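*Asks:* Structure below; questions to follow.
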Amino acid sequence: MNDRIPLAPLQKFAWYNLIVFAIAVVAYAIAVPLLAAHFHKTLAAASLPSFGMFGVTGLWGFGSLICDRRKLDERESLINQRAMIAGMFLFWQVWVLSCMGVWAYLSYARHQDVVPVTLLPILVFAGGIIYVVTQAIAILIQYKRSAADDTV
Amino acid sequence: MTPSEGAQLKNRIRKLRFEHGEMTQQELADRIGAARQTIIALEAGKYAPSLLLAFRLAKAFGVKTEDVFQWDGE
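Those sequence lines, one after another, are chains V and A. 305 is the number of the first residue of the first sequence in our numbering; add one for each residue after it. 172 is the number of the first residue of the second sequence in our numbering; add one for each residue after it.
Pasting the structure below:
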C-alpha cells in the first residue's frame with residue numbers, strides 16, 4: 305500500500321506547536337536588530353526586550369482546536385504521556401540550571417548581590433517554551449519510531 | 172513496549188483484514204475506535220495493545236483473541 309498516511313491529530317498538534325515556535329524564533333531574530341537600530345542600543349541590550357516576540361507562542365492555545373486530547377486512543381495517550389514526561393523532565397533540568405546560572409553569573413562575574421526579579425518570569429516563560437517544544441518533538445519521534453517503515 | 176516484547180507478541184491482523192473483505196486499516200481503526208497509525212504499529216509488531224483493545228480487535232473480526240495474537244515467549 306503506497307498511499308500517504310494522513311497525520312494523526314496529535315501529530316498535527318505537535319507540528320502546529322513547532323511551527324508557532326519557529327515563527328516566534330524568526331520574529332525574535334528580526335526584532336533584535338530592529339530594536340537595536342531604532343533605539344540606538346547594542347544587540348545584547350536589545351535581546352532582552354525582544355524576548356517579548358515569544359508572546360507569539362500564545363497561539364499554542366489554539367492547539368486544542370487541532371487535537372482534542374480526550375479522544376486519543378490508548379497508544380496515542382501513551383505517546384502523549386511520555387512526551388509530557390520528557391517535556392517536564394527537560395523543563396525542570398533547564399530551569400534549575402538556568403536559575404543557578406543566572407545567580408552564578410551575576411554574583412561571580414558581575415559581583416551583583418541581587419538577582420533582578422524581572423528575570424524570574426522570563427525564566428519560567430522560557431521553561432514553558434522548552435516544555436512545549438520538547439513535548440512536540442517527543443510526540444513526532446514516537447510516531448516515527450512506531451511507523452511500519454521505520455527500522456529503529 | 173520494549174523491542175523484545177514486540178518480538179514475542181505476534182499477530183495476524185493484516186491477514187485477518189484481507190480475509191474479511193480486504194478491510195482497510197482505516198476501516199478497522201474506525202471499528203475499534205483507534206487511530207490508523209495504531210493499526211499500522213500493531214501490524215508492524217511495534218505496539219502491544221491493552222487487553223481491552225485486543226478483545227475489540229478480535230470482536231471486529233468475529234474470532235477469539237488467541238486467533239489474533241500469539242505469544243511466542245517462554
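Ideal Cβ positions, reconstructed from N, Cα and C, are used throughout, including at glycine. For clarity, every value in this text was computed on a predicted model and none was experimentally measured.
With a threshold of 8 Å between beta-carbons, can residue 377/V be considered close to chain A, or not?
*Replies:* yes
*Asks:* Taking Cβ positions only, does residue 209/A come closer than 8 Å to chain V?
*Replies:* yes
*Asks:* Let me see if you follow: with CB-CB separation under 8 Å, is residue 229/A close to chain C or not?
*Replies:* In the structure shown, chain C does not exist; the protein chains are V and A.
*Asks:* Checking the sheet assignment: what are the DSSP bridge partners for residue 416/V?
*Replies:* In the DSSP output, where bridge partners are listed per residue, residue 416/V has none listed.
*Asks:* For residue 387/V, is the classification buried or exposed, using 16 other Cβ atoms within 10 angstroms of its Cβ as the cut-off for buried?
*Replies:* The residue is buried, with at least 16 neighbouring Cβ atoms inside 10 Å.
*Asks:* Relative to the C-alpha of residue 424/V, which candidate in 404/V, 441/V, 442/V has its C-alpha closest?
*Replies:* 404/V
*Asks:* Distance, Cα to Cα, residue 371/V vs residue 354/V?
*Replies:* 31 Å
*Asks:* Which value, in whole angstroms, describes the spacing of the CA atoms of residue 235/A and residue 444/V?
*Replies:* 34 Å
*Asks:* With a CB to CB cut of under 7 Å and the five nearest residues on each side skipped, what residues in its chain are close to residue 211/A?
*Replies:* Same-chain partners within the cutoff: 196.
*Asks:* Say whether chain A places a C-beta atom closer than 8 Å to the C-beta of residue 435/V.
*Replies:* Judged by the 8 Å Cβ criterion, residue 435/V is not in contact with chain A.
*Asks:* For chain V, is any of its Cβ atoms less than 8 Å away from the one on residue 244/A?
*Replies:* no
*Asks:* Just grab the DSSP bridge partners of residue 182/A for me.
*Replies:* According to DSSP, residue pairing for residue 182/A in a beta bridge involves 240/A.
*Asks:* Can you check which of these residues, 396/V, 335/V, 441/V, 446/V, is closest to residue 256/V by C-alpha distance?
*Replies:* The question about residue 256/V has no answer here: the residues shown for chain V are numbered 305 through 456.
*Asks:* Buried or exposed: where does residue 333/V fall if 16 or more other Cβ atoms within 10 Å of its Cβ makes it buried?
*Replies:* exposed
*Asks:* Can you tell me the Cα-Cα spacing of residue 347/V and residue 357/V, whole angstroms?
*Replies:* Answer to the nearest angstrom: the Cα atoms are 15 Å apart.
*Asks:* Below 8 Å, how does it come out for the stretch 405–414 of chain V and the stretch 335–346 of chain V: are there three or more Cβ pairs, yes or no?
*Replies:* no
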